Amino acid sequence: MTDAQRIDTPQGRRLAYHATPAKASDGRPGVVFLGGFKSDMGGTKAVFLEAWCARQGLGFLRFDYSGHGESSEAFTDGCIGDWAEDAEFAISHLTEGPQILVGSSMGGWISLLMTRRLADRIAGLVTIAAAPDFTEDSMWAGFDKAQRLALDMVQQVALPSEYGEPYVITKRLIEDGRDHLILRDPVPLPFPVRFLHGTADADVDLSVALRLMERAEGADIQLRLVKDADHRFSTPENLALIGAAVDEVLAAL
Numbered sequence: 058m059t060d061a062q063r064i065d066t067p068q069g070r071r072l073a074y075h076a077t078p079a080k081a082s083d084g085r086p087g088v089v090f091l092g093g094f095k096s097d098m099g100g101t102k103a104v105f106l107e108a109w110c111a112r113q114g115l116g117f118l119r120f121d122y123s124g125h126g127e128s129s130e131a132f133t134d135g136c137i138g139d140w141a142e143d144a145e146f147a148i149s150h151l152t153e154g155p156q157i158l159v160g161s162s163m164g165g166w167i168s169l170l171m172t173r174r175l176a177d178r179i180a181g182l183v184t185i186a187a188a189p190d191f192t193e194d195s196m197w198a199g200f201d202k203a204q205r206l207a208l209d210m211v212q213q214v215a216l217p218s219e220y221g222e223p224y225v226i227t228k229r230l231i232e233d234g235r236d237h238l239i240l241r242d243p244v245p246l247p248f249p250v251r252f253l254h255g256t257a258d259a260d261v262d263l264s265v266a267l268r269l270m271e272r273a274e275g276a277d278i279q280l281r282l283v284k285d286a287d288h289r290f291s292t293p294e295n296l297a298l299i300g301a302a303v304d305e306v307l308a309a310l
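Just so you know, our numbering puts 95 at position 38 of the sequence shown, and the rest follows in order with no gaps.
This is how it looks when you write it as structure tokens:
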């Protein structure tokens with residue numbers, strides 16, 4: 058596998074990325090993968106999509122937010138606003154023309170923010186276990202009195218994780234998240250959209266997908282529930298569904 062390339066953002070952060078050019082200039086949009094909270098661009102879904110797009114001759118971009126993977130900065134220094142800035146910069150400077158965004162978990166939230174900030178560049182959207190507003194509706198809402206006190210006193214709290222070391226959640230992450238909430242208002246999505254969600258997802262409740270579907274406004278929006286799929290959504294069958302969803306969006310354009 059080739060080494061990641063690097064690009065510096067106006068905020069002084071250095072992002073690592075892999076970009077694959079389209080094989081033909083046939084006017085089809087490229088694909089951008091937006092990863093999840095504390096995940097990186099070397100994950101199963103990102104690498105699968107890169108290979109899938111290569112077979113289709115589509116341009117493809119995967120990258121690490123600051124504080125993630127191979128990019129600069131510490132994870133605990135970041136927040137939704139920083140990572141959205143990273144995504145906006147990466148899409149603006151590392152892709153050309155319209156793009157289909159594929160957002161996984163937190164990347165679903167980031168991709169929804171991009172549909173507002175880069176409206177003229179977004180041709181379609183696929184989300185996988187999208188987790189908009191999770192800092193407020195999942196983390197903050199689930200904190201007990203002691204955890205909320207810890208945030209005030211020491212500016213952070215550690216949460217257990219099934220994916221490795223505990224997540225260190227900072228007060229800045231929670232407070233900044235409130236500036237980027239999506240589900241309090243209608244979510245205009247005037248292009249083909251496919252939301253994918255597993256019924257066995259223990260990290261993002263199915264109610265989040267239903268609330269997103271309720272808020273979403275557009276002529277071609279579908280929610281696909283996959284029985285027994287978990288939050289990783291990375292079995293061969295699940296990966297094939299992601300490819301099929303991108304294919305559907307392409308066909309609908």
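The beta-carbon is built from N, C-alpha and C at its ideal position, and this holds for glycine as well.
No experiment lies behind these values; they were computed from the predicted model shown.
Out of the options, state which residue places its alpha-carbon closest to the alpha-carbon of residue i.
i, options, result
"residue 273", "74, 299, 246", "246"
"residue 67", "146, 109, 140", "146"
"residue 232", "202, 218, 197", "197"
"residue 151", "128, 120, 167", "120"
"residue 219", "111, 299, 193, 288", "288"
"residue 310", "255, 248, 154", "248"
"residue 241", "255, 271, 221, 254", "271"
"residue 295", "255, 278, 139", "255"
Between the beta-carbon of residue i and the beta-carbon of residue j, is there less than 9 Å?
i, j, result
"residue 96", "residue 126", "yes"
"residue 186", "residue 290", "yes"
"residue 239", "residue 269", "yes"
"residue 170", "residue 75", "no"
"residue 317", "residue 285", "This structure cannot settle anything about residue 317, because the visible part of the chain is limited to 58 through 310."
"residue 244", "residue 292", "no"
"residue 283", "residue 191", "no"
What does the alpha-carbon distance come out to for the pair residue i and residue j?
i, j, result
"residue 304", "residue 281", "15 Å"
"residue 275", "residue 77", "30 Å"
"residue 364", "residue 205", "An answer regarding residue 364 cannot be provided, because it is not within the stretch 58 to 310 covered by the chain."
"residue 156", "residue 89", "7 Å"
"residue 209", "residue 108", "45 Å"
"residue 63", "residue 307", "29 Å"
"residue 200", "residue 166", "21 Å"
"residue 73", "residue 98", "9 Å"
"residue 154", "residue 148", "10 Å"
"residue 144", "residue 202", "34 Å"
"residue 60", "residue 104", "14 Å"
Once the 5 residues before and after residue i are set aside, which same chain residues still bring their CB inside 7 Å of it?
i, result
"residue 130", "70, 123, 124"
"residue 100", "92"
"residue 223", "215, 216, 217"
"residue 80", "114"
"residue 139", "123"
"residue 277", "249, 250, 309"
"residue 65", "71"
Is residue i near the ligand COA, in the sense that its beta carbon is under 8 Å from a heavy atom of that ligand?
i, result
"residue 288", "The ligand COA is absent from the structure shown, which contains no ligand whatsoever."
Once you ignore the five residues that flank residue i on each side, which residues in its own chain have a CB closer than 8 Å to its CB?
i, result
"residue 212", "227, 228, 229"
"residue 193", "231, 234, 235, 238"
"residue 13", "Outside the modelled stretch of the chain, which goes from 58 to 310, sits residue 13, for which no answer is possible."
"residue 141", "167, 170, 171, 174, 237"
"residue 279", "250, 251, 252"
What residues in its chain sit with their C-beta under 6 Å from that of residue i, if we drop five residues either side in the sequence?
i, result
"residue 207", "214"
Check: Is there contact between the stretch 120-139 and the stretch 154-162, where contact requires at least three CB pairs shorter than 8 Å?
Finding: A contact between stretches requires three or more CB pairs, one per stretch, nearer than 8 Å, and the stretch 120-139 fails this requirement with the stretch 154-162.
Check: Are the stretch 218-230 and the stretch 173-186 in contact at 8 Å, needing three or more beta carbon pairs?
Finding: Judged by Cβ distances under 8 Å, the stretch 218-230 makes no contact with the stretch 173-186, as fewer than three pairs qualify.
Next item on the list: Could you say if the stretch 80-95 and the stretch 108-118 meet the contact criterion of at least three C-beta pairs nearer than 8 Å?
Entry: The count of Cβ pairs closer than 8 Å, one atom from the stretch 80-95 and one from the stretch 108-118, reaches three, so the stretches are in contact.
Next item on the list: Could you tell me whether the stretch 184-202 touches the stretch 249-268, where touching means 3 or more Cβ pairs closer than 8 Å?
Entry: These segments touch.
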